[in-house]
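**Student:** Could you have a look at this structure, given as structure tokens, before my questions?
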Amino acid sequence: MKLRNIMLISLMGTALILHAQEHPSYLSLDLNEAGFSQFAGYFEKETGIELFYRDEWIEDIRVCLSGDSIVALDAMQAVINDAGLNMRYYAPDRLVIVPVLRNSSDLSHLSGSNGSLVDLPGKDKLEGTDEDFLEVTRPEQMVQTITVGKAGKGSSRSVARISGRIRDMDNGAPVIGATMVITETGKGSISDQHGVVKMSLEPGRYNAQFSFIGMKPYHCQLHVLSDGDFSVQMQPTIIALNEVQIVGNHYRDINSTDVGVERLSMKSVKKMPLFMGENDVIKISKLLPGITSTGEASVGVNVRGGSADQNIFYINRVPVYNTSHMFGFLSAFNSDIIQDFSVYKGNVPVNYGGRLSSVFNIITRKGNQKNFTAHAGISPVSAHATVDGPIVRDVASFLVSGRTSYSDWMLKRMEDPVLRESSANFYDFSGSLAYTLNEKNDLSAFYYQSSDHFEYGEMSEYSYGNRGGSVVWKHAYSPALSSDITAAASSYTFGNTEKQLISQAYKHSYKLNHREVIAEFSWVPALNHHLDFGTSLIHYALDRGIVLPESEESLRVPVDLGDEQGVEGSIFASDNITIFPWLSLYAGLRYSFFSMLGPKEVRLYEEDQPMTESTVTDTVYYGKNEAITRESGPEIRAAVNLKAGQNTSFKLSFSQMRQYLFMLSNTVTISPTDQWKLSDYHIEPPTGSQYTTGVYHIWPKWGLSGSIEIYYKHTDNIVEYRDGASFISTPFTEISVLQGVQDAYGIEFMLQKSSGRLDGWINYAYSRSWVQVKGDNEMESINRGDPYPSNFDRPHVLNVIGSYHINRRFTISSNLVYMSGRPVTYPTSLYYINDYVYIDYYSKNQVRIPDYFRIDASLVIEGNLKADKLFHSTWSINVFNLLGRNNPQSIFFEPHENYLKGFSFSVIGVPIFTVAWNVKLGNYESK
Amino acid sequence: MRTILILSLICIFKQGWTQGEDKEALLDQGLEKYKIITDRSRYIVGEDINFRLFNHNTVSMKKVKWSGVLYLELISPQGFSHVRAKFGLDSTGVSGTIHIPDDLPSGLYYLKAYTQWMRNKGPESYNYLSVEIVNPYSGNMVSVDTTSTFSSIMLRQGADTSVEPLISGSITGSLQTRSPLSLSLKISESMPFVDCCVSVIRKGLHEPQWESMVSPSELSTERINHLPETRGVSLAGKVEFSESGLPAPFAVVYISTMENERQFYCNFTDSTGRFHFAFPDQYGDRELFISATHHSQASLTLYIDQDFCKEFLLLPSYPLDLDSEDLGLIRELADNVQISAQYYPGQSPQSDTGSSGRAYFYGDPSSVVSFDDFIKLPTMEEYFSEVTPQVSLRKSNQGARLRVLGKHPDLDIFAPLLMVDGVAIGKVESVLALSPRLIKQIEIVEAPYIRGNITFGGIINVISRNNDLGFIDLPESGLLAHYKMFNYTYSERQGNPPLKKRLPDLRNTLYWDPHIQLKPGEDTIIHFTTADTRGAYELLIRGFDKSDKYFEETIPFTIDY
């Protein structure tokens, strides 16, 4: 509000006559803060002059006037001028107020010819055309500049270590596996499980590009001054169906020193044909090169010719000893919570160890830090639900997920009366909390539990379960150095009641406890170096249980299989060195040790004699926590990456692994009654070395990536079992165990397309796996000491998987699996001596069961693409084993009159049709 | 149908010309004659010129409704056009206003009036009428050419008349400000019928004006390049093949108006590559997007004929010579103009009422796919294929093809009319290349759309969020033209504004009625209100008698109270 103070006293008596006014009117007034209309009314009344104005021009005017005999027009002129207005007096009785009044110029030129003459445009300008083109300005692409560090701080160093945290703009979750590439140097870095990228750069300005599948590529300029942190938010986006691009994983294939690493995004997992309507990462991992299984209902996987116990499964650093539900029909992980899934089957990072063949690392997604989300689904066998959301927005979040079966109804419909009496059920549950204390500290906790129960009529009953949890504290000491301190615990139990033969009926329960502490550090000390180092300590406690007779009719003698405990420790360090932009090196060393601890009774046997009950010479008793064995050794992990251009690289790697824990199994697949066992006084820990070379190429134009990897793997002290070994009749396992060597080699081809309307992969592997157990005598040899194909030797494996996106709502997918049959040992003859049946066998694993071939297909129908909706649902219609082929899981023979009659046993010999329905909160885009 | 009639008339006309039968009559028929009267002869910049154009064509010309569009320009004596406007013509002529730009230098100007048909006979046949314009805010003046010989015979308006003043009038009412006055006009029995204009202005604002005199016998019509505009404002031009420069026959030319009210026109070019469009119901300055496609997919170049005549005549010029009394009046009038402009803003008739919604020529579409209803899809192609079931999109080596799906069989046969913001886009690819973030919705008309002899299998109109065509790559042949349609300002009687307290009435023309018909024996009463200004006024009655002779009558009066 404008305040006008007009002191008109000063105007009194002055000669300020502004207009020729024949009879000037005078005002006598005393106004203080009066509105203009009040003043105007008074003015009009006193002078008889009519005022014209618009209310909006005068509404802010406040008049403060006092005095006698003020010339009315002068007073008005002063008030009006002070308000920035003008007036025009139409004598004698009209006054018009107007904001702008241009004064006419001297018009004398119009009365003579003394004006300045202007040539108006003439003919020459008439030729102009009326045509015009549309002028458009396109929005410039704005590039954000991120300043890292502080000016002057890093002046003494020529290297700035920068650390960036990449988050998902929508839910605040870390983006794992995103790449940051510096355009100028071509240098790249990949975000870790906390979404953090680290890099060392010379101070300066760089163009950085961040990319990740399903995210909008983010460009920015990094202004690096000194060591420092920065953060980047990436926006999830929908990739055009037709767009082909090479992202994340494939960049990694070319630029990193990773060899023999497979990664799956959950996005691709969700497009795969489903078995029983369930998304299943473990099942899909079996379609990757070098990873096979023994059949549909098989627990565990065989990686590059190794047995199932040579793989470790981590979910958020919690080891899971049995990853299956329902004997392997389904995996024990709810795919709704999985964010990142990687398999290390070649060069394993030094942070991991303890298994010969591979590490499966699953990282679950953190709860949404911004909004609540929910997912749920039902399939013919199970229902699952996941809820996550913020506890404190942008700071703390939770996630809970559960899955349970209701498959009993299917068994009740079976024709087999025994199956009708059976029941099978399972559940799994997981929960996690994530808490960002501050920019430097993150805390997360995770809990996982799974349980299975199966009753086969009145005959047998199995139950098993995993339970575990982990707490991870991430701390950044500086942009260059950060650590992850993890405490994890896991327990695996099973119980088994066997009543098929009343005389042999027994029950047995088993428990394994795994407690682990890991400290991992990540350090960027200098330009072109990235160090990882740390230490870990595991404590194993095994209660192998007591085998008790189930009923009074049972003739079994109770056997206490005893307890075992051991510690496994390691220190490790690795350096990722970029020597030249085209040459990088991974040099790592892990030194691990293992000690089996008492209390324990250890039997000693006659030297140079097979270990049998009859060759026991002595029993040694070890006290509590007394070291029974001390095993240790270095594990070298090294890899070289030679880049040949932008799109091709050659890699070499050498990797050593040691395994201190193995599974007592006399079947080819893991069964719920298989016991884990520590290596002990008699059983040496297996050790392995693997040489891998590979060539990797990407075709960006086609969105294709391809690789060829060749490996050779040699393992010592591989654990094999004597024929007919039983692990529940004696605690002294060594009498059933033989140790030998395993040689595996192979070549794996992979061609993958992960974007575009058609995506999927084709891979083919030729691989062999040979075992040789050659003891000092024939009793300690298998196959007379000659090499024989291992149980998992499948020379030819072909996997084709493809999804075609008809549009966003309809996707058809299919996969094809071909595998050579696995080796078995067949009987050759059967004869009777004194009415006892004797069977002669071929040499071990000299024949194979028929080849495995299967095609599955699925149709996924997404709900509509409306933006505003509460739920988005997805239907998937699946046919498993479309051809209904009987793929034999095993072959067995039964004496039939005078010959052996062979039977092949297939688990699924018909097409299985399932429909599953999944629903989530929000729309198609929602996570 | 109308075009055919006109063309046949032209044939008869030309034939008659050559055969020499009834030559004079046909010549008369071919010549259009118009006369202008303005409300006064002297104006201040920023004022409106009120005019009346009298149609003095022969009765037969009036019957066939020959030219329907009057081109009126305010030109300097050197021929440069400062204001251009088009008005619809009928048998009585037309009345209207044109606005004088604020920045004109003082001097003598001319109103130049013609029709497209008159262009065939050249600028000599046009009607010119002088007006004096004073710019009191600038010392500049229009230069005066005293040396050239002028190409037209100019006479003082009324100089040729011998009509006796036969109109008598009497003013009743109190001669004071803001009060109603009535004028009673009576015509003598000897003047049977009179069509005239009445204006009430300050004394000193009207002097006899210069007017061109056309002698038809001096004009020849050898060429007919300009067709008469019988269906409103027309637009003509030609399409050539860009490479060869040869005319492109049977190309389809699309015209879209770019303002809020989106209209669409299309037509084929003839065998010489020429095209004609008529806009019977379009007003104001329109921005047109014009493009063309040819079945050969060749790239085309479009040319549009100048709508206003660029040919000019050198007209007589003389300096303004105002005495001190005139100057005092000019100052007052100038103040009145600028004060009125501030009290009654936005009354400029040119201002387009910027309505927020856009209306398209097809009315309500059959269906609308609003992008905000759906998740953000990355490409236009996906919007068509995923959420627009009314449209099928096929892509092949020949390019992309869109079809509207619907019950009508024509939809399968004819390609739809594909538009962005009402602008026809020939290439599906350029629509697919749009950024969907800039697009608001897709409107679909699921019925065949027939425009002349062109049938479209429905309409697909992609509408951008900011009415910016989504920054589309416009067709190569496309061009954007500012084109004048009919002027908005058709002046009718003015003289009785609603008077409000506190708002001054400072009209410089108190009354203007361009259409007053006086009949013998009848009193014609005119009512008007005086303004807030005092002074000497004149009431001017001007017009033409039955024989098209000019007459003028002045009744002076003074408002001094």
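Those protein sequence lines, which keep their order, are chains A and B.
The opening position of the first sequence corresponds to residue 349 in my numbering, with each subsequent residue numbered one higher.
The opening position of the second sequence corresponds to residue -8 in my numbering, with each subsequent residue numbered one higher.
Glycine is no exception: its CB is placed at the ideal position from the N, C-alpha and C atoms.
These figures come from a predicted structure and were not determined experimentally.
Apart from the five residues on each side of it in sequence, which residues of its chain come closer than 8 Å, Cβ to Cβ, to G1232 (chain A)?
**Tutor:** Cβ neighbours of G1232 (chain A) beyond the five flanking positions: G1257, V1258, P1259.
**Student:** Look at the alpha carbon of L384 (chain B) and the alpha carbon of E372 (chain B), and state the distance between them as a whole number of angstroms.
**Tutor:** Near 8 Å, if we compare the C-alpha coordinates of E372 (chain B) and L384 (chain B).
**Student:** Here's the rule I'm using: 16 or more other beta-carbon atoms within 10 Å means buried, otherwise exposed. How should R1132 (chain A) be labelled?
**Tutor:** Looking at its Cβ environment, which holds fewer than 16 other Cβ atoms inside 10 Å, R1132 (chain A) is exposed.
**Student:** Quick one: what's got a C-beta closer than 8 Å to F557 (chain B)'s C-beta in the same chain, skipping five residues either side?
**Tutor:** Because chain B in this structure spans residues -8 to 552, residue 557 (chain B) falls outside the shown range and cannot be described.
**Student:** Considering only DSSP beta bridges, list what K1101 (chain A) is partnered with.
**Tutor:** According to DSSP, K1101 (chain A) bridges with A:L1052, A:G1108.
**Student:** Is N126 (chain B) helix, strand or coil when you go by DSSP?
**Tutor:** Correct three-state label for N126 (chain B): coil.
**Student:** Return helix, strand or coil for V523 (chain A), following the three-state DSSP convention.
**Tutor:** Coil at V523 (chain A), not helix or strand.
**Student:** Between T515 (chain B) and the rest of its own chain, which residues show a CB-CB distance below 7 Å, the 5 nearest in sequence each way excluded?
**Tutor:** Only L176, I507, L509 meet the Cβ criterion.
**Student:** So for W57 (chain B), helix, strand or coil by DSSP?
**Tutor:** Three-state DSSP puts W57 (chain B) in coil, outside helix and strand.
**Student:** Does DSSP put T531 (chain A) in a helix, a strand or coil?
**Tutor:** Reduced to three states, the DSSP call for T531 (chain A) is coil.
**Student:** Would you say the beta carbon of Y692 (chain A) is closer than 7 Å to some non-hydrogen atom of the ligand FMN?
**Tutor:** Ligands in the displayed structure: none, and consequently the ligand FMN is not present.
**Student:** Check the Cβ-Cβ distances between L494 (chain B) and every residue of chain D, and say whether any is below 8 Å.
**Tutor:** This model lacks chain D altogether, as its protein chains are A and B.
**Student:** Against chain A, which members of the stretch 360 to 391 of chain B pass a CB distance test of less than 8 Å?
**Tutor:** The stretch 360 to 391 of chain B vs chain A, Cβ under 8 Å: D363, D364, F365, I366, K367, L368, P369, T370, E372, E373, S376, E377, V378.
**Student:** If you reduce the DSSP assignment to three classes, tell me which class K822 (chain A) lands in.
**Tutor:** Of the three classes helix, strand and coil, the one that applies to K822 (chain A) here is strand, per DSSP.
**Student:** Distance check for R442 (chain A) and D472 (chain A), CA to CA, integer angstroms please.
**Tutor:** Any reading at D472 (chain A) needs caution, since the residue's pLDDT is 40, under 50, leaving its predicted position unreliable; the model's value is listed next. Roughly 50 Å separates the two Cα atoms.
**Student:** For chain A, find out if any of its Cβ atoms is closer than 8 Å to the Cβ of S339 (chain B); answer yes or no.
**Tutor:** The pLDDT assigned to S339 (chain B) is 48, lower than 50, so where the model puts this residue is not dependable; a value taken from the coordinates is nonetheless given after this. No, S339 (chain B) lies away from the interface with chain A (no Cβ there is under 8 Å from its Cβ).
**Student:** Do we get a CB-CB distance below 8 Å when we pair T1222 (chain A) with the residues of chain B?
**Tutor:** Cβ-Cβ to chain B under 8 Å: no for T1222 (chain A).
**Student:** Starting from the N-terminal side, write out each stretch of the beta strand (DSSP E) that is 3 residues or longer and does not extend beyond the stretch 213 to 262 of chain B.
**Tutor:** Those beta strand (DSSP E) runs which fall completely within the stretch 213 to 262 of chain B and span 3+ residues are 224 to 232, 243 to 248, 255 to 259.
**Student:** How far does the alpha helix (DSSP H) with E316 (chain B) in it reach, from first residue to last?
**Tutor:** E316 (chain B) -> alpha helix (DSSP H) spans 315 to 334.
**Student:** Work out the CA separation of G1088 (chain A) and N1125 (chain A) for me, nearest whole Å.
**Tutor:** Computed Cα separation, rounded: 13 Å.
**Student:** Kindly identify the DSSP beta-bridge partner or partners of C300 (chain B).
**Tutor:** The partner list for C300 (chain B) (beta bridge, DSSP) is empty, contrary to what the question assumes.
**Student:** Taking C-alpha atoms, which residue in A:S1129, A:F1201, A:I1110, A:L1213 lies nearest to V1148 (chain A)?
**Tutor:** Measuring from the Cα of V1148 (chain A), the nearest candidate turns out to be A:I1110.
**Student:** Could you pull the DSSP bridge partners for Y1060 (chain A) from this structure?
**Tutor:** Answer is A:Y1039, A:Y1093.
**Student:** For M1127 (chain A), which of helix, strand or coil comes out of DSSP?
**Tutor:** Of the three classes helix, strand and coil, the one that applies to M1127 (chain A) here is helix, per DSSP.
**Student:** Whole-angstrom Cβ separation of I550 (chain B) and R436 (chain A), contact assumed at under 8 Å?
**Tutor:** At roughly 18 Å, the Cβ-Cβ gap does not stay under 8 Å, so I550 (chain B) and R436 (chain A) are not in contact.
**Student:** Taking D800 (chain A) as part of the beta strand (DSSP E), name the residues at either end of that continuous run.
**Tutor:** Segment 789 to 804, the beta strand (DSSP E) holding D800 (chain A).
**Student:** When Cβ atoms are compared, which residues of the stretch 1240 to 1271 of chain A fall closer than 7 Å to chain B?
**Tutor:** Of all residues in the stretch 1240 to 1271 of chain A, N1271 have a Cβ within less than 7 Å of some Cβ in chain B.
**Student:** Kindly indicate which residue of A:S417, A:R1006, A:I524 has the alpha-carbon position closest to the one of G981 (chain A).
**Tutor:** It is A:R1006 whose Cα lies nearest to the Cα of G981 (chain A).
**Student:** Quick one: grab the DSSP three-state call for K634 (chain A).
**Tutor:** K634 (chain A) falls in the coil class under three-state DSSP.
**Student:** R611 (chain A) and S690 (chain A) look like a contact to me (Cβ under 8 Å); what is the Cβ gap, rounded to whole Å?
**Tutor:** Going by Cβ atoms, the distance from R611 (chain A) to S690 (chain A) rounds to 5 Å, so yes, they are a contact pair.
**Student:** From the DSSP output, read off the bridge partner residues of E864 (chain A).
**Tutor:** Note: E864 (chain A) sits in a beta bridge opposite A:A836, A:I886.
**Student:** Could you check where the alpha helix (DSSP H) with K718 (chain A) kicks off and where it finishes?
**Tutor:** No alpha helix (DSSP H) holds K718 (chain A); DSSP gives it neither H nor E.
**Student:** Look at the Cβ atom of S1161 (chain A), then the Cβ atom of M620 (chain A), and state whether they are nearer than 8 Å.
**Tutor:** Yes, the Cβ-Cβ distance between S1161 (chain A) and M620 (chain A) is below 8 Å.
**Student:** Run through the stretch 410 to 479 of chain B for me and flag every whole alpha helix (DSSP H) of 4 or more residues, listed as ranges in chain order.
**Tutor:** The qualifying runs are 419 to 423.
**Student:** What residues from the stretch 556 to 585 of chain A come within 8 Å of chain B, judged by C-beta to C-beta, listed N to C?
**Tutor:** Listed by position along the chain: T585.
**Student:** In its own chain, which residues sit with a C-beta less than 8 Å from the C-beta of T605 (chain A), not counting the 5 before and 5 after it?
**Tutor:** These residues qualify, in order along the chain: N695, N924, S932, L933, Y934, A987, V988, N989, K999, S1001.
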